[in-house]
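Reading through the structure tokens given below for one structure.
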Amino acid sequence: MTEDLRPDPDQLLAEVKREQRRAGRGRLRIFFGATAGVGKTYSMLEAARGVRATGADVVVGYVEPHGRIETERLLEGLEQLPPLPVLYRGITRREFDLDAALRRRAGITLVDELAHSNLLEGEPAPRHAKRWQDVEEMLEAGLDVWTTLNVQHLESLNDLVAGITGVRQQETVPDHVVEDADEIELIDLPPDDLLARLKAGKVYVPEQVGAALERYFRKPNLIALRELALRQTADRVDAAAREYVSREPVSRPWLARDRFIVGVGPDEQNEELVRFGKRFADALDAEWLVVSVETPDLLRLSQERRNQRIDVLRLAESLGAETVTLDGPSAAVALLQYARTRNVTRIVVGRPTRGGLRRLWRRSTAEDLLRAAHDLDVSVIAPRANGAMAPAARTSRLEPPGIHWERFGYASLITLVCTGIAALMDPFFSATNLVMVYLLGAAIAGLRYGRAPAVLTAVLNIACFNFFFIEPRLTFAVSDAQYVVTFVVMLVVALTIATLMANVRMQTRVAGARERRTALLYGMSRELAGTRGTANMVRIAIRHVAESFASRAAVLLPDDAGIVQVAHATEGEAAYAAPDQSIAQWVHDHRRPAGLGTDALPGAPAIYLPLEGAEGNLGVLAVLPTNRRRILLPEQRHLLETFAGQVALALERAQLAAQAESARIAVETESLRNTLLASISHDLRTPLAVISGASSALADRELALDPDARVALAGSIAAKARDMSELVSNVLDLLRFESGRVPLRRDWESVDELVGAAFNKVEARLGGHDVEVRLPAELPAVHVDAALVTQAIVNLLENASKHTPPGTHVRILAEAEDDALRLVVEDDGPGLPPGDPELLFAKFQRGRSESDVPGAGLGLAICRAIAEAHGGRARAMNRTGGGARFELTLPTKAPSP
Amino acid sequence: MFRILVVEDDADIRRVLRALLEAEGYRVVEADSAARALVESRSHQPDVVLVDLGLPDRDGQALIRDVRRFSSVPILVLSARTLETEKIQALDGGADDYVTKPFNSGELLARVRAALRRNARSPERSPSLRIGSIAIDLATREARGSNGDAVHFTPLEYRLLVCLARAHGLVVTRDQLIGEVWGPDRMDDTRGLRAYVKGLRQKLEPDPARPRYLLTEPGLGYRLVAEQDEPAPAAG
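These protein sequence lines map, in sequence, to chains U and P.
Anchor point for the first sequence: position 787 equals 787 in my numbering, and the numbering is continuous, going up by one each time.
Converting from the second sequence to my numbering requires adding 1000 to each position, the first position being numbered 1.
This is the structure:
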């Protein structure tokens, strides 16, 4: 396969994602027309009746009958969902009932007017702002939907349609909704027929737009709209054909998709640019990014203008663009840098509308780009003549964030000081030198107090200089024209310095803001990284989000049933105590943000972000801002999303850790069970074999056993039964200890008695071992459970007798320590096996792998468990003189309750 | 001939016990439930009752208390329950000793013999006691070693010894000992008891670190094993 035939991975990925999204998703069929009145609803209903006749489950979700008789007749006999009454400004309106449709789960649901806007301020409040979002939700729920749409409602054609008809559509549908539709049926009606229908009163005309509509339904408009609709449908057919071809990689080489950037700036025709970008992207079949650069210029803009950027970026997203916000001193530099990192081939910017003097010393972004972008195409888009999109940008441009009146005071003070100094100098110096003093004053004002105060200082300086020191003195008259030059220079110097300073300050602010954001993010990430457990992470996340966004925050986590609940750690001042459960659930289920400033339920007071992990949604972050506008700023919104990403990452880490832990425990339990089964089955079967063999021999009357043989057999049975009994009681003891609920029956006991009792118990089994008890005369009493400690000593003695050859000398010693008593069982046998002595105390460990030693290796484990239950410990080591030494340390003080 | 009532719901264990006890020359009466056991203990007037704690109709602990209401017959518990609390409860409820399953036949028979000695009707009851090499005349309170030298006990030691000797072969709980020797108001004084046991061992035992006669039952109490031919009990 040659290079050319290799599929573009990005495109393949997009294809795979699309396929995944389609799987389980409902199918969308759009009845598409050029304008109202072409009969979309009629055709849809007719088609619905058609499929219903074949037995399909068709339900009319919502159809606006507009009082048309034809439509109403078609509705007859079709199941209709009752419309949802919505109280809006005192009037009850009928709306599509999304929840009812979701509950009904019809095979096909008919929802008229895809571009319809829901009544956001209605009661009950709708879940989504737009009907197409309702439809999306139904599709995601796997329900098929049929709907209708006019071409003028397509987002990317908004400008074009406005240009043709002079009416700007407020109700638009993002192009991707139409692009993702499974089927588009064009309902076409020639303009003459439409006009005839209009005249016959068969087209619904809302009264309030009657006059505008008259202009709208003119024949040239209708022809243009019809052409748009036909072209749109043809493009789609073309795209479908290309997509089909592209699935056959051999038949056609895969080409890397073009990628271009649309740069939106502070004073360019942004929305128009974005719409152009969409059409351009469609024409080129290219990917596109909409990039906004935060420059000092931008920060100087009014709050209102800055907020407009949010709308532009959101529009771009709805048109399928990727949106990016960059920081930088210059838009051109930032755009170029970013373009190179993303392999972009073209940058689209608007042509600046500013003119006049400013143009002389400030180049526009477009000009900067044209100079610097040697390897990239730059497209400069001219603004439309009817540029309704560039409203009073200029008015707010120079408006400072707040007017500091005191600065004007200081500026005036500077003039006063300058005049004083000049008056002192006047007798000795020429007027040229006095001017320098004033110039210095103007420069200082520019440096310290900003542009407007600097201008004030300059003007006042000129006035004072003129008034006091230029002949004729004490008048504003100027005898010498040369001084005009002085005035102008002073003004320019003051302004230049002030502007330079303002820029420096602004850039510092930009850098500062960026740094602050990085610091905030870093602060939270670091704390999250250093913590464990979901509850702690939630607490940290809430605190940081609340601090960074001047808000209250809550984290909602899903329970086992997938129902999100406010996490327990959501508490304290920073906590948002009562987030909307249903919104959070929706966000969790759909993995999409909702609430304030989003597409879904924008009327809610808080913003809800999904915490998305690699394998599903981990929860929801709810943020209730104190300043609603501030959180809507794109940079804030992006920062918040980044925060959510960090929190999700941390939560996922916690979950993975918990899973790993439980997996580890499962593995350990599994291996323990296997060892237990192997060990016990061996240790039970061996004595059982002896018992059943010997007892069946004894029971056999025909077997002529002499009395000695009988006794020997019976002896084996007794011995093996005892082994089994010991094993069973060991296993039971261990289970008791593992369950963690062994009540200690502590009493004051003397060690010699415990040792004596242990010795009595084990004596018969010590075989040929020589046991010596060597206890000091005075030993402190120990506060222990006598039966358990005796058992521990018995186990140590048995361990010694099992693992040393007969004739080995075993010694029991005891030593008093501070607050503790150490019991020692040591021998002069072969010593401990090589390896870590600690392993001897693990369950099912035998010092050596010989399997003729009964007991399943539980004795020492029980011994240690007993010691630890008493607050003591058990250790093993080799004696210096050869042999093994086991120590059992027990506290001699009663534990404080 | 002594009658022994075996209260046990498992038929195989009853068969083994019957074989064992009859081989020793006792008459065996069987009961497979607590209700049956009450009837048999009244009608047969057994000399020893062997009781399993896990009975189908009632708990053996309750049966022990019921039997104690009308009879002072020695009761031996034979049970798979190994917890000390169960043993203490049975002993406090009136049982005379406790043998855990699985049991050793020699040990069980020794306990039965000890229980029969305990029985007031027992002709084996004698005024003298032999512990190892030491002979004690309970009537005259004189003790002599094998060489004929007198062994001296303090009054409390002697009372402790007598108390243990009366139950000779059977376990005596700490509470029982303290109650009998010091009185019920000194119940918590296990330290004193331990000191006197130690003192007794010094006088009775050839090797006090490895006692043969005055044995400790960890968590329960003490047992005096006088006859040298008896094997050291390995119960636990």
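Cβ atoms here follow ideal geometry from the backbone N, Cα and C, with glycine treated the same way.
Since the model is a prediction, treat every value here as computed from it, not as a measurement.
Expressed to the nearest angstrom, what Euclidean distance is found between the alpha-carbon atoms of residue i and residue j?
i: V293/U; j: I583/U; result: 33 Å
i: V177/U; j: P124/U; result: 26 Å
i: E838/U; j: A876/U; result: 7 Å
i: R131/U; j: P174/U; result: 12 Å
i: R1130/P; j: L832/U; result: 45 Å
i: R351/U; j: V262/U; result: 12 Å
i: R314/U; j: L87/U; result: 29 Å
i: V1172/P; j: E661/U; result: 51 Å
i: A372/U; j: R168/U; result: 37 Å
i: Y216/U; j: S548/U; result: 50 Å
i: R451/U; j: E641/U; result: 37 Å
If you run the structure through DSSP and keep just helix, strand and coil, what is residue i?
i: W132/U; result: helix
i: E778/U; result: coil
i: S750/U; result: coil
i: M1187/P; result: coil
i: Q585/U; result: helix
i: P558/U; result: strand
i: F1238/P; result: Shown here, chain P extends from 1001 to 1236; a query on residue 1238/P therefore has no answer.
i: I1134/P; result: strand
i: S1128/P; result: strand
i: Q337/U; result: helix
i: S117/U; result: strand
i: V1027/P; result: The displayed chain sequence assigns Arg, not Val, to residue 1027/P. Three-state result, R1027/P: strand.
i: G1219/P; result: coil
i: W1182/P; result: coil
For residue i, which residues of its own chain have a beta-carbon under 6 Å away from its beta-carbon, when the five flanking residues on both sides are left out?
i: L639/U; result: R517
i: V250/U; result: Confidence in V250/U is poor, its pLDDT being 39 and thus under 50, which makes the residue's placement unreliable; the coordinate value appears in the next sentence. Nothing meets the Cβ criterion.
i: S525/U; result: Q646
i: S739/U; result: none
i: L1160/P; result: V1181, Y1196
Can you have a look at residue i and say buried or exposed, based on whether 16 or more other CB atoms are within 10 angstroms of its CB?
i: F1070/P; result: exposed
i: H870/U; result: buried
i: K199/U; result: exposed
i: N627/U; result: exposed
i: I91/U; result: exposed
i: D134/U; result: buried
i: Y1026/P; result: buried
i: T669/U; result: exposed
i: L1170/P; result: buried
Could you name the residues of the same chain whose beta carbon sits closer than 8 Å to that of residue i, not counting the 5 residues immediately before and after it, in chain order?
i: V151/U; result: F32, G33, A34, T35, L157, V161, L225, L228, A229, Q232
i: K40/U; result: F31, F32, G33, T148, L149, N150, I187
i: R1174/P; result: T1190, L1193, L1220, G1221, Y1222
i: E140/U; result: R25, G26, H590
Please return the same chain residues whose Cβ sits closer than 7 Å to the Cβ of residue i, not counting the five positions on each side in sequence.
i: K1087/P; result: Y1098, L1220
i: P780/U; result: A816, L821, T892
i: R1014/P; result: V1006, E1008, E1030
i: G1145/P; result: S1133, I1134, V1151
i: L335/U; result: I261, G263, V291, V293, I347, L369
Which bits of chain B does residue i rub up against, with CB to CB less than 9 Å?
i: R1194/P; result: Absence of chain B from the displayed structure is noted, the protein chains being U and P.
Cβ-heavy atom distance between residue i and the ligand ADP below 8 Å?
i: E367/U; result: This structure does not include the ligand ADP; it has no bound ligands of any sort.
Would you list, in chain order, the members of the region 698-723 of chain U that have their beta-carbon closer than 9 Å to a beta-carbon of chain P?
Interface annotation for the region 698-723 of chain U against chain P: A718, A721, R722, criterion Cβ-Cβ distance under 9 Å.
To be precise: take each residue of the region 819-832 of chain U, compare its Cβ to all Cβ atoms of chain P, and keep it if any distance is under 7 Å. Which residues remain?
Interface annotation for the region 819-832 of chain U against chain P: empty, criterion Cβ-Cβ distance under 7 Å.
Interfacial residues, the region 1028-1054 of chain P to chain U, with Cβ spacing under 8 Å:
Against chain U - using a Cβ distance shorter than 8 Å - the region 1028-1054 of chain P contributes no residues.
Looking at chain P, which residues of the region 739-757 of chain U have a Cβ within less than 9 Å of any of its Cβ atoms?
P743, R745, D747, W748, E749, S750, D752, E753, L754, V755, G756, A757
Interfacial residues, the region 1084-1102 of chain P to chain U, with Cβ spacing under 8 Å:
E1084, T1085, P1102
Using a beta-carbon distance cut-off of less than 8 Å, what residues from the region 1062-1086 of chain P approach chain U?
T1082, E1084, T1085
What are the residues of the region 783-798 of chain U that lie near chain P, defined by any Cβ-Cβ distance shorter than 9 Å?
D785, A786, A787, L788, V789, T790, Q791, V794
Residues of the region 1171-1191 of chain P with Cβ closer than 7 Å to any Cβ of chain U, in chain order:
T1190, R1191
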